[in-house]
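Here the structure is laid out as structure tokens; the discussion comes afterwards.
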Amino acid sequence: MTSLSSLSSPRAHQPVAESSAVLADRVGEAATAAGFALDHSQLGVLDLLADESTGVYLWGPSGRGKTWLLDQYFALVPGEQKRRIHFHGFFARFHASIFQHRIDPNRGERHPVDAAIDELLGDATLVVFDEFHVHDAGDATLLIGVLDELFRRGIRLVVSSNYAPAELMPNPNYHHLFAPGIQLLETRLSVFEMTGDTDYRRAPVRGERTGFARGTWGTTQVEVRGANGDVHTPPDADEEVALESAGHRFTARRAGNGLVWFDFASLLDSPTSVNDYLRWAERFSTWVLGDVPSAEHLSPGSYQRLVNLIDVLCDAQIEVHVRCADDRSQFLAWREATPTDAFRMESRLLLLRDLSDGAS
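Using the working numbering, the first residue of the sequence shown is number 2, and each one after it goes up by one.
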């Protein structure tokens, strides 16, 4: 079988068809093992990924296999000069790095943003950026600087998004702020829309469940049975634990041995942030989110925090068990006053095993 070594270098000149065949073969094997076959749209993505002469901007609805494809591609690229980043994790690290460089008395004349970009990119020749989206005006300005530097260095950029480039920063009051970034993406990357009709997250899970998909959605509050067979009964009052993050204290009903159990109100009615979820995802591989109210009773802030939480936990492949007043179909059917990017959360929650309908 032809070597994939050429995939690691932006200077490779191996014919596209040969690299495409190798990549399709390897990724096709992974798809078969996962219980499905690559569709026409996914095969088209692999052709672009195998062509090292350009980066790729891959966009389309949730559930079409964008993240899965990029994860397979990333794993096949040999060497260490590559970075896979998710939007929330990237900006958490980026902002923290900017702050540290800003307060560093030895930084000299170097701008903190430039130093932070250097720190995050290192010697990478490939950056895979998953779930690319832009809603914040400040982040938009920073992202333009990151894109400029990526292209200046000749780093190959591969992006997945639910938005076409022109649809990024959808708020009409701020859209113009990211116009230079849109131009960069449209002119420097091959833009590909995934048009497949199949929503793979709605298909039955075949084979062994892994990561986020090991979790469950149920309406009972009696107990939680983990994917490894462990049974977790609801915590007693004296098991409450105070968790600290960035100088703030939050209450978990239980925390230890890799598991954290939160009530919805204590976690998401409180002003928690993406940075909190990222920190706790590093400590706890299994989460229980209990006493989730019906969607119609969620405040806008709590609902948005739920969207962000599911984003973080799914990307980190955390096993999550949700216990809600509604069954999953009722919860996801609510369409009034849903927050930004709720569609992505809905797609991801479909990965959980639904205990209310006996799904396996």
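Backbone N, C-alpha and C define an ideal beta-carbon position, used for all residues, glycine too.
Checklist line | MET2 (DSSP reduced to helix, strand or coil) | finding: Counting from one through the sequence shown, the residue named residue 2 turns up at place 1. A caution first: MET2 carries a pLDDT of 33, below 50, which makes its placement in the model too unreliable to give a value.
Next item on the list: Please look up how many angstroms separate the CB atoms of LEU279 and GLY45, rounded, as I've assumed it's under 8 Å.
Entry: On the sequence shown, position 278 is the one that residue 279 refers to. On the sequence shown, position 44 is the one that residue 45 refers to. Actually they are not in contact, since the Cβ atoms of LEU279 and GLY45 sit about 33 Å apart, beyond 8 Å.
Notebook entry, point to check: So what does DSSP say about VAL114, is it helix, strand or coil?
Noted result: The sequence position of residue 114 within the sequence shown is 113, counting from 1. Of the three classes helix, strand and coil, the one that applies to VAL114 here is helix, per DSSP.
Next item on the list: State the beta-bridge partners of VAL192 as determined by DSSP.
Entry: On the sequence shown, position 191 is the one that residue 192 refers to. VAL192 is bridged by DSSP to TYR58.
Item checked: Per DSSP, the bridge partner or partners of ASP355 -> Against the sequence shown, residue 355 aligns to sequence position 354. ASP355 pairs with TRP218.
Checklist line | Start-end ranges of the beta strand (DSSP E) lying completely within the stretch 129-173, minimum 3 residues | finding: Listed in chain order, the complete beta strand (DSSP E) runs (minimum 3 residues) inside the stretch 129-173 are 157-162.
Note to self: According to DSSP, simplified to helix, strand and coil, what is ALA343?
What the structure shows: In the sequence shown, residue 343 corresponds to position 342, counting from 1. Helix at ALA343.
Notebook entry, point to check: Which whole-angstrom value is the C-beta distance of THR252 and TYR304, which I expect to be below 8 Å?
Noted result: Mapped onto the sequence shown, residue 252 falls at position 251. Mapped onto the sequence shown, residue 304 falls at position 303. Wrong, their Cβ atoms sit about 21 Å apart, outside the cutoff.
Next item on the list: Alpha carbon to alpha carbon, how far is VAL135 from GLU347? Give it in angstroms, no decimals.
Entry: The sequence position of residue 347 within the sequence shown is 346, counting from 1. The sequence position of residue 135 within the sequence shown is 134, counting from 1. Computed Cα separation, rounded: 19 Å.
Checklist line | Under the three-state DSSP convention, the category SER348 falls into | finding: Locating residue 348 in the sequence shown gives position 347, counting from the first residue. Helix at SER348.
Checklist line | Unbroken beta strand (DSSP E) run spanning PHE263, endpoints | finding: Counted from its first residue, the sequence shown places residue 263 at position 262. Here the beta strand (DSSP E) through PHE263 covers 260-264.
Note to self: Just to confirm, is the Cβ distance from ARG157 to VAL129 under 7 Å?
What the structure shows: As a working mapping, residue 157 is identified with position 156 in the sequence shown. As a working mapping, residue 129 is identified with position 128 in the sequence shown. Remark: C-beta atoms of ARG157 and VAL129 do not approach each other more closely than 7 Å.
Notebook entry, point to check: Is the CB-CB distance between LEU144 and GLY197 below 7 Å?
Noted result: Locating residue 144 in the sequence shown gives position 143, counting from the first residue. Locating residue 197 in the sequence shown gives position 196, counting from the first residue. Not a contact, by the Cβ cut-off of 7 Å.
Item checked: Selected residue, minimal CA-CA separation from ARG250, among GLY230, TRP281 and ASN229 -> For the purposes of this step, residue 250 is taken as the residue at position 249 of the sequence shown. Taking only the C-alpha atoms, the option nearest ARG250 is TRP281.
Item checked: Exposure label - PHE100; buried when at least 16 CB within 10 Å -> One-based indexing of the sequence shown puts residue 100 at position 99. Burial call: exposed.
Notebook entry, point to check: Who are the near neighbours of HIS14 in its chain, counting only those whose CB is closer than 6 Å to its CB and skipping five residues on each side?
Noted result: By 1-based counting over the sequence shown, the position of residue 14 is 13. Legend: pLDDT at HIS14 = 35, less than 50; position of this residue unreliable, no value from coordinates given.
Next item on the list: With DSSP as the reference, label ILE319 as helix, strand or coil.
Entry: Taking the sequence shown and counting its residues from 1, the one referred to as residue 319 is at position 318. If DSSP states are grouped into helix, strand and coil, ILE319 belongs with coil.
Margin query: Pop quiz: ALA266 and ASP292 are said to be a contact at Cβ under 8 Å. What is the actual Cβ separation, rounded to whole angstroms?
Written below: In the sequence shown, residue 266 corresponds to position 265, counting from 1. In the sequence shown, residue 292 corresponds to position 291, counting from 1. Contact between ALA266 and ASP292 holds: CB atoms are separated by about 7 Å, below the 8 Å threshold.
Check: Alpha carbon to alpha carbon, what distance is there between GLY56 and VAL225?
Finding: The count along the sequence shown starts at 1 and reaches residue 225 at position 224. The count along the sequence shown starts at 1 and reaches residue 56 at position 55. Using only the alpha carbons, I get a separation of about 44 Å.
Next item on the list: Excluding the 5 residues preceding and the 5 following VAL289 in the sequence, name in chain order all residues of the same chain whose CB lies nearer than 6 Å to its CB.
Entry: Sequence index remark: in the sequence shown, residue 289 carries index 288 (1-based). Contacts found: VAL225, TRP262 and HIS322.
Check: Looking at C-alpha atoms only, which residue of PHE75, ASP237 and SER271 is the closest neighbour of ARG255?
Finding: Numbered from its first residue, the sequence shown carries residue 255 at position 254. Checking every option, the nearest Cα to that of ARG255 belongs to ASP237.
Next item on the list: Take ALA32 and list the residues in its own chain whose beta-carbon comes closer than 7 Å to its own, dropping the five residues that flank it on each side.
Entry: Position 31 of the sequence shown holds residue 32. Counting only Cβ-Cβ distances below 7 Å, and skipping sequence neighbours, we find ALA38 and LEU39.
Next item on the list: Tell me whether PHE251 sits in a helix, a strand or coil according to DSSP, three-state version.
Entry: To locate residue 251, count along the sequence shown from 1; it is residue 250. In the structure shown, PHE251 sits in a strand (DSSP, three-state: E or B).
Next item on the list: Please classify THR211: does DSSP put it in a helix, a strand, or coil?
Entry: Within the sequence shown, the letter at position 210 stands for residue 211. It is coil, neither helix nor strand.
Check: Can you list, in chain order, the residues of its chain whose CB lies under 6 Å from that of ALA141, leaving out five sequence neighbours each side?
Finding: Reading the sequence shown from its first residue, position 140 is the one you call residue 141. The answer, listed in chain order, is VAL135, MET170, LEU178 and PHE179.
Margin query: Less than 8 Å between C-beta atoms, sequence neighbours within five positions excluded: which residues of the same chain meet that for HIS96?
Written below: Here the question's residue 96 lines up with position 95 in the sequence shown. Counting only Cβ-Cβ distances below 8 Å, and skipping sequence neighbours, we find nothing.
Checklist line | Segment limits, alpha helix (DSSP H) that includes LEU47 | finding: Against the sequence shown, residue 47 aligns to sequence position 46. Run containing LEU47: 41-51, per the alpha helix (DSSP H) assignment.
Notebook entry, point to check: Are at least three pairs of beta-carbons, each pair with one atom in the stretch 152-168 and one in the stretch 47-62, less than 8 Å apart?
Noted result: yes
Checklist line | Start and end residues, beta strand (DSSP E) containing GLU245 | finding: Residue numbering aside, residue 245 sits at position 244 when the sequence shown is read from its first letter. Here the beta strand (DSSP E) through GLU245 covers 242-246.
Check: Does DSSP classify ASP239 as helix, strand or coil?
Finding: Translated into the one-based positions of the sequence shown, residue 239 becomes position 238. ASP239 falls in the helix class under three-state DSSP.
Next item on the list: Measure the alpha-carbon distance for ASP312 versus PHE285 and round it to whole angstroms.
Entry: For the purposes of this step, residue 312 is taken as the residue at position 311 of the sequence shown. For the purposes of this step, residue 285 is taken as the residue at position 284 of the sequence shown. If you take the alpha carbons of ASP312 and PHE285, they lie about 16 Å apart.
Item checked: Reduced DSSP secondary structure (H/G/I, E/B, other) of ALA13 -> Sequence index remark: in the sequence shown, residue 13 carries index 12 (1-based). Because the pLDDT at ALA13 is just 40, under 50, the model does not fix this residue reliably, and the value given afterwards should be weighed accordingly. Correct three-state label for ALA13: coil.
Next item on the list: Report the rounded CA-to-CA distance for ALA34 versus ARG324, giving the unit in angstroms.
Entry: Sequence index remark: in the sequence shown, residue 34 carries index 33 (1-based). Sequence index remark: in the sequence shown, residue 324 carries index 323 (1-based). Those two C-alpha atoms are separated by around 31 Å.
Note to self: Quick check: the Cα distance between ARG345 and LEU352, rounded to an integer number of angstroms?
What the structure shows: Working through the sequence shown from its first residue, we reach residue 345 at position 344. Working through the sequence shown from its first residue, we reach residue 352 at position 351. Between ARG345 and LEU352, the C-alpha separation is close to 12 Å.
Next item on the list: Output yes or no for whether 7 Å exceeds the beta carbon distance between SER191 and LEU70.
Entry: Position 190 of the sequence shown, counted from the start, is the residue given in the question as residue 191. Position 69 of the sequence shown, counted from the start, is the residue given in the question as residue 70. No, the Cβ-Cβ distance between SER191 and LEU70 is not below 7 Å.
Checklist line | Close Cβ partners of THR234 (< 6 Å) along its chain, the five nearest in sequence each way excluded | finding: Within the sequence shown, residue 234 is the residue found at index 233, counting from 1. So the qualifying residues of the chain are GLU224.
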